[in-house]
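Data block below; observations after.
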Amino acid sequence: MSSKTGKNLKLSLFGESHGASVGCLIEGLPPGLALDLNRIEKVLERRRPGYATFTSARKETDEFSIISGFHQGKTTGTPLLAIFPNQDANPQDYEKLRYTPRPSHADYSAFVRYKNFHDIRGGGHFSARLTAPWCLAGAIAEQVLAKEGIIIAAHLKQIGRIEDLSFSEENLNPQVLSKLKTEKLPLLKEDLREELIAYLNKISASNDSIGGIVELAVLGLEPGLGNPIFDNIESRLAYDLFAIPGIKGVEFGSGFQVAQLKGSQHNDPWFFQGDKVKSRTNHHGGVLGGITTGMPLVLRVAFKPTSSIAQKQETVNLKDKTSAQLLIAGRHDPCIAIRGLPVVEAAVAWALADFYSSKQ
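In terms of my numbering, the sequence shown has 159 at position 159, counting the first letter as 1, and numbering is strictly consecutive.
Okay, here's the thing in structure tokens:
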């Protein structure tokens, strides 16, 4: 099972949604790195169920214990192990689903891949519950990157038909990014908030769910970070981002819109700003040839609608090989993009911190 990522900074995730615990093993952190546990807890709070109005009612405090690799407020340089006990597990909600796979979940593919020995409860190892330790690792990575002057933040670019502004030269600054990280529904266009809340209420009342797009920006990246071909910035970020449950699309810069542009529209002219080379536009999203240019790194990810909805759906019975109907119980997010946003930040932070560690 490939639940590991990283080359110099290595991250392994373990556990199941309704098992005893989930956690992470981090290898490659330098000795003597002071960790701000309050900053880690703030990141976890943004991902936690129930933090925003439109998230799952599952009550997990996301309390964690660092078992090794951390002493007297600093890393020791040995593997850091963090464990999150699962406190609000309801396995009875799920066992009856073992032979009736939920539409658009990993139930059927896991049933085949692991020959019915997988943990079905809450999605088991496929659950978004494992993004809690991932956020811890990402929060550590953000502290590493902050020493390099790097800032990472994201906003809800789109939920259903409701669209926020895009990142641009006018709003891409440290003050705006810092503010986004304090908001329960991070938006660039403040007057969109009430419309978005009303829309989410409507979706929730209809026992349905909705997809969304998260847009992320990174400021402070120096030019020259990355590699060509396979181990490049975009391929590595996409590799980690697609590991986040529910993500079905990733694009950088102008992304799929470039198919509508002429070269004269898409090309980003270079100019000198003092002794630094900048581009007048940023369709390339801060990466060319797999290597950073020094312009803001901008990417977007698309989250599918939450697959668990309180409506009757068609499925099959894998035991008696008949058609069946399914009504999913339990507690679920009407839009997973909201809680997924800090996980996107964490994944990007981790991948970039790994690139920086490769330089040292």
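For glycine and all other residues, C-beta sits at the position ideal for the given N, C-alpha and C.
With a threshold of 16 other CB atoms inside 10 Å of the CB of tyrosine 114, please say whether the residue is buried or exposed. Within the sequence shown, residue 114 is the residue found at index 114, counting from 1. Flag for tyrosine 114 reads exposed.
Stretch-stretch touch, CB-based, cutoff 8 Å, three pairs: the stretch 205 to 214 with the stretch 145 to 160: yes
Classify valine 298 as buried or exposed, calling it buried when 16 or more other Cβ atoms lie within 10 Å of its own Cβ. What you label residue 298 is simply residue 298 of the sequence shown in a count that begins at 1. By the 10 Å Cβ count, valine 298 comes out buried.
Beta-carbon within less than 6 Å of serine 357's beta-carbon, same chain only, minus the 5 sequence neighbours each way: which residues are those? Within the sequence shown, the letter at position 357 stands for residue 357. Asn8, Leu9, listed in sequence order.
Give the secondary structure of glutamine 311 by DSSP, where H, G and I count as helix, E and B as strand, and everything else as coil. On the sequence shown, position 311 is the one that residue 311 refers to. Correct three-state label for glutamine 311: coil.
For the alpha helix (DSSP H) containing glycine 138, name the first residue and the last one. What you label residue 138 is simply residue 138 of the sequence shown in a count that begins at 1. Looking at the DSSP string, the run of the alpha helix (DSSP H) that includes glycine 138 is 131 to 146.
Just checking, does the stretch 240 to 247 make contact with the stretch 296 to 315 on the three C-beta pairs under 8 Å criterion? yes
Spatial distance of aspartate 164 from glycine 290 (CA atoms): Stepping through the sequence shown from its first residue, residue 164 is reached at position 164. Stepping through the sequence shown from its first residue, residue 290 is reached at position 290. Aspartate 164 and glycine 290: Cα-Cα distance of roughly 28 Å.
Under the three-state DSSP convention, the category arginine 48 falls into: In the sequence shown, residue 48 corresponds to position 48, counting from 1. DSSP places arginine 48 in coil when its eight states are reduced to three.
Any 3 or more C-beta pairs closer than 8 Å across the stretch 115 to 123 and the stretch 98 to 107: yes
Other residues of its chain near aspartate 268: CB distance less than 7 Å, five sequence neighbours each side excluded: Counting from 1 along the sequence shown, the entry for residue 268 is found at position 268. Cβ neighbours of aspartate 268 beyond the five flanking positions: Ser279, Arg280, Thr281, Asn282, His283, His284.
To which residues of the same chain is glycine 32 closer than 6 Å at the C-beta, ignoring the five residues directly before and after it? Here residue 32 refers to the residue found at position 32 when the sequence shown is read from its first residue. So the qualifying residues of the chain are Lys74.
Expressed to the nearest angstrom, what Euclidean distance is found between the alpha-carbon atoms of glutamine 265 and leucine 192? As a working mapping, residue 265 is identified with position 265 in the sequence shown. As a working mapping, residue 192 is identified with position 192 in the sequence shown. Each residue's alpha carbon lies about 30 Å from the other.
Using the three-state DSSP reduction, which class does glutamine 369 fall into: helix, strand or coil? Because the chain here runs from 1 to 360, residue 369 falls outside it and cannot be looked at.
Determine the burial state of histidine 71: buried for a count of at least 16 other Cβ atoms within 10 Å of its Cβ, exposed for fewer. Residue numbering aside, residue 71 sits at position 71 when the sequence shown is read from its first letter. Its Cβ having fewer than 16 others within 10 Å, histidine 71 is exposed.
Name the one or two DSSP bridge partners that phenylalanine 70 has. Residue 70 sits at position 70 when you count from the first residue of the sequence shown. Looking at the DSSP assignment, phenylalanine 70 forms a beta bridge with Thr75.
Which partner residues does glutamate 215 have in the DSSP bridge list? For the purposes of this step, residue 215 is identified with residue 215 of the sequence shown, where counting begins at 1. The partner list for glutamate 215 (beta bridge, DSSP) reads His155, Arg300.
Do the CB positions of phenylalanine 84 and aspartate 119 come within less than 8 Å of each other? Residue mapping note: residue 84 aligns to position 84 of the sequence shown, counting from 1. Residue mapping note: residue 119 aligns to position 119 of the sequence shown, counting from 1. The answer is no: Cβ separation not under 8 Å.
Cβ contact check for the stretch 136 to 146 and the stretch 342 to 352: 3 or more pairs under 8 Å: yes
Inter-residue spacing [alpha-carbon to alpha-carbon] between serine 127 and serine 17: The sequence position of residue 127 within the sequence shown is 127, counting from 1. The sequence position of residue 17 within the sequence shown is 17, counting from 1. Serine 127 and serine 17: Cα-Cα distance of roughly 6 Å.
Mapping DSSP to helix, strand and coil, what is isoleucine 26? For the purposes of this step, residue 26 is taken as the residue at position 26 of the sequence shown. In the structure shown, isoleucine 26 sits in a strand (DSSP, three-state: E or B).
Taking 8 Å as the CB-CB cut-off, is lysine 312 touching chain C? The structure shown contains no chain C; it holds only a single protein chain.
With burial defined as no fewer than 16 other Cβ atoms inside 10 Å of the residue's Cβ, what is the status of isoleucine 67: buried or exposed? As a position in the sequence shown, residue 67 is number 67, starting the count at 1. Isoleucine 67 is exposed by the Cβ-count criterion.
From Gln257, Lys359, Pro334, pick the residue whose C-alpha is nearest to that of alanine 310; which is it? The residue labelled residue 310 in the question sits at position 310 within the sequence shown. When only C-alpha atoms are compared, the closest one is Pro334.
Any idea what DSSP makes of glutamate 345, helix, strand or coil? Here the question's residue 345 lines up with position 345 in the sequence shown. Helix.
Pull up the distance between the alpha-carbon of leucine 136 and that of lysine 262, whole angstroms please. For the purposes of this step, residue 136 is taken as residue 136 along the sequence shown, with counting starting at 1. For the purposes of this step, residue 262 is taken as residue 262 along the sequence shown, with counting starting at 1. Spanning the two alpha carbons is a distance of roughly 42 Å.
Distance, leucine 341 Cα to arginine 161 Cα: Working through the sequence shown from its first residue, we reach residue 161 at position 161. Working through the sequence shown from its first residue, we reach residue 341 at position 341. Cα to Cα, arginine 161 sits roughly 18 Å from leucine 341.
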